[in-house]
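A short write-up of the structure that comes next.
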């Protein structure tokens, strides 16, 4: 592999990094505030993506970004509903039990989503196709290129992540989230409205995942399995980076797309690389997790007896 | 022993019912009766699609019994089940198709061995990674299996699925006709199913099961009592993967076809759901859970147009049942039934109290 190719592979991974980071930050927010993982998040995102498409089909005059906001809003509300309607009511249930509740939600959404949006399967609508332009630039004397949609995805994800992290650090909401993450009952005693904090975290996770879903689905045929891979890799990214802090999982979300794109390179792993790309990535990531069971940046968690 | 005559009254039935194997034998007897009816009526009722539905339930219930060791006893949530069942099925298919000389029992043993080795690997993983992280990691493992099933064409025949021409044992050794072989295999399945239920029940009641339960409630306390986490976690995974692999063998032998699409994450979730619905340690409940999740559609609803054309109805119901059971009835269906009969008894008592007044 030449340096040109390595740089190009890294640049081509940027959109995927953006998409994964958006999902990952949501998973961490949910995990830190509720101590569980939301298996339905991918489906919530898919639902949001379907809403975007549906709105774009129905009101052809509407600019796409408004449709996108509508999709994110629907995912926001859906995520909030899962927390307020189900998880909040299941306080006594163990984390694994809560996980199973979200699996139940997943089973329902998998079946309901195609039912609601029966006629929408193809993404591109006439007259408003996505930009397929390719943006070229020079870096260290090498000519590199990236699709315009991909660049948009990465930049948007980066901006949103900066926004979320700034909010976590400096706003009252962020303080509440960090307090809830540290100890929910003490936070409650000190006057933090943990219910609102938690619900908002779930909702935000849904909305950000919907944005990720929008970029995953852009230009492709839509189906309910849209976010399957992203969801699984998002979870693995969190475990790989370490659940114990907010920024650590983003590291996982950066590493996994890089592994994925290098594994898919035919010059590196032979002509069948594309076929085995998923497998190689999973194996490498799992080995990494086994080597660092607390995550790359995670601290060793010592259990109180 | 003195030969005493006990009149056949309610008391005798009650003692019979209290026998832990009563439920297992009842299920076995009912399934055998179904098959016998089919033989006697010449296949008019129950139809073969219905019997196949029950066979699916039996085979997947075996996966469920194995899963109870993990979820019910050891308290480990794994989402890699689909991969192990698929592995069992594909190894069987490979041997039966490419190496027809190998005896069936040897095929079963080889499959079990492969499953055990993989169970050992996952067991060691479970020692390093705990709780909900384990579910995530095994989810990744399941994806690895799916990719292998889908892409390793030479071994699994890829997305087209693997198939076997003849029923092993009954058709290869005894040279029966296809229908007779299927009926015989069904009866064999019933026997295996009941046997495994008894085995699982006994193992759960033994010191092994108690050690696993202790581990589930508190790893630290269990260790303090001298229970080796290494030993019992590995054992739980070994047992569960062995059951899953064996179920894969049986699936391939009975249905003679399997495709990678059978072994996605959805299958693992369904098994989890079935065990949860049943009450995570109750084997009769697990069977009923598998019946609800896998059986209702092929057995009863296939002939009703509404359900045949809208498979989502049953799936959404299953999702809702999972949520309700996790939130309100951790004991599953059997707890629900228990609650119901307790409240009925209480109602009867209250009624008697109302009618006849309190005893002095």
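Residue numbers (this note's numbering), protein chains in the order written: chain A, 1 to 305; chain B, 1 to 360. Just so you know, even glycine gets a beta-carbon here, dropped at the ideal spot from N, CA and C. These numbers come from a predicted model, not from an experiment.
Take residue i and list the residues in its own chain whose beta-carbon comes closer than 7 angstroms to its own, dropping the five residues that flank it on each side.
i, result
"residue 149(B)", "86, 90, 156, 260, 263"
"residue 237(A)", "20, 24, 249, 252, 253, 256"
"residue 16(B)", "22"
"residue 46(B)", "34, 37, 38"
"residue 167(A)", "173, 174"
"residue 33(A)", "177, 180, 181, 197, 198, 201"
"residue 94(B)", "155"
"residue 186(B)", "35, 51, 55"
"residue 102(B)", "95"
"residue 88(B)", "111, 115, 244, 245, 246, 247, 248, 249"
Quick check on the burial criterion: 16 or more other C-beta atoms within 10 angstroms. Buried or exposed for residue i?
i, result
"residue 63(A)", "exposed"
"residue 84(B)", "buried"
"residue 179(B)", "exposed"
"residue 230(A)", "buried"
"residue 162(A)", "exposed"
"residue 107(B)", "buried"
"residue 68(B)", "buried"
"residue 357(B)", "exposed"
"residue 225(B)", "exposed"
"residue 315(A)", "Look at the range of chain A in this structure, 1 to 305, and you will see that residue 315(A) is not part of it."
"residue 92(B)", "buried"
"residue 146(A)", "buried"
"residue 1(B)", "For residue 1(B), the pLDDT reaches just 47, beneath the cut-off of 50, and the residue's location in the model is therefore unreliable, although a value from the coordinates is still provided. Classification of residue 1(B): exposed, given that the 10 Å Cβ count is below 16."
"residue 78(B)", "buried"
"residue 99(A)", "buried"
"residue 142(B)", "buried"
"residue 87(A)", "buried"
"residue 109(B)", "exposed"
"residue 60(A)", "exposed"
Checking 9 angstroms against the spacing of the C-beta atoms, do residue i and residue j come in under that value?
i, j, result
"residue 291(B)", "residue 61(B)", "yes"
"residue 76(B)", "residue 233(B)", "yes"
"residue 94(A)", "residue 40(A)", "no"
"residue 15(A)", "residue 243(A)", "no"
"residue 211(A)", "residue 164(A)", "no"
"residue 253(B)", "residue 113(B)", "no"
"residue 24(B)", "residue 316(B)", "no"
"residue 220(A)", "residue 9(A)", "no"
"residue 205(A)", "residue 26(A)", "yes"
"residue 63(B)", "residue 271(B)", "yes"
"residue 267(A)", "residue 5(A)", "yes"
In angstroms, rounded to a whole number, what distance separates the CA positions of residue i and residue j?
i, j, result
"residue 67(A)", "residue 137(A)", "31 angstroms"
"residue 367(B)", "residue 138(B)", "It is not possible to answer for residue 367(B), since the shown part of chain B is limited to 1 through 360."
"residue 202(B)", "residue 260(A)", "46 angstroms"
"residue 208(B)", "residue 243(B)", "17 angstroms"
"residue 213(A)", "residue 26(B)", "50 angstroms"
"residue 107(A)", "residue 46(A)", "13 angstroms"
"residue 156(A)", "residue 281(A)", "26 angstroms"
"residue 136(B)", "residue 71(B)", "15 angstroms"
"residue 147(B)", "residue 324(B)", "33 angstroms"
"residue 337(B)", "residue 256(B)", "37 angstroms"
"residue 235(B)", "residue 66(B)", "11 angstroms"
"residue 151(A)", "residue 193(A)", "38 angstroms"
"residue 70(A)", "residue 80(A)", "15 angstroms"
"residue 164(B)", "residue 172(B)", "12 angstroms"
"residue 332(B)", "residue 269(B)", "16 angstroms"
"residue 73(A)", "residue 203(A)", "9 angstroms"
"residue 326(B)", "residue 294(B)", "19 angstroms"
"residue 238(B)", "residue 57(A)", "52 angstroms"
"residue 144(B)", "residue 276(B)", "25 angstroms"
"residue 322(B)", "residue 105(A)", "9 angstroms"
Starting from the C-beta of residue i, find all residues in its chain whose C-beta is less than 6 angstroms away, skip the five residues before and the five after it, and write them out in chain order.
i, result
"residue 127(A)", "Residue confidence is low: residue 127(A) scores 47 on pLDDT, short of 50, so the model does not pin down where it sits. Its coordinate-derived value is still stated next. Counting only Cβ-Cβ distances below 6 angstroms, and skipping sequence neighbours, we find nothing."
"residue 13(A)", "257, 258, 261"
"residue 287(A)", "none"
"residue 342(B)", "none"
"residue 334(B)", "279, 282, 285"
"residue 58(B)", "189, 193"
"residue 355(B)", "none"
"residue 188(A)", "194"
"residue 117(A)", "50, 54"
Within a Cβ cutoff of 8 angstroms, which residues of the same chain sit near residue i, ignoring the five residues on either side of it in sequence?
i, result
"residue 276(A)", "263, 269"
"residue 229(B)", "127, 215, 219, 222, 223"
Under 7 angstroms between beta-carbons, which chain D residues line up against residue i? List them in chain order, please.
i, result
"residue 223(A)", "Among the protein chains in the structure shown, which are A and B, there is no chain D."
Runs of beta strand (DSSP E) wholly within the region 183 to 261 of chain A (minimum 3 residues, chain order): None, since the region 183 to 261 of chain A contains no complete beta strand (DSSP E) of that length.
I'd like the ranges of any alpha helix (DSSP H) spanning at least 4 consecutive residues and lying wholly in the region 93 to 159 of chain B. 104 to 128, 131 to 151, 153 to 156
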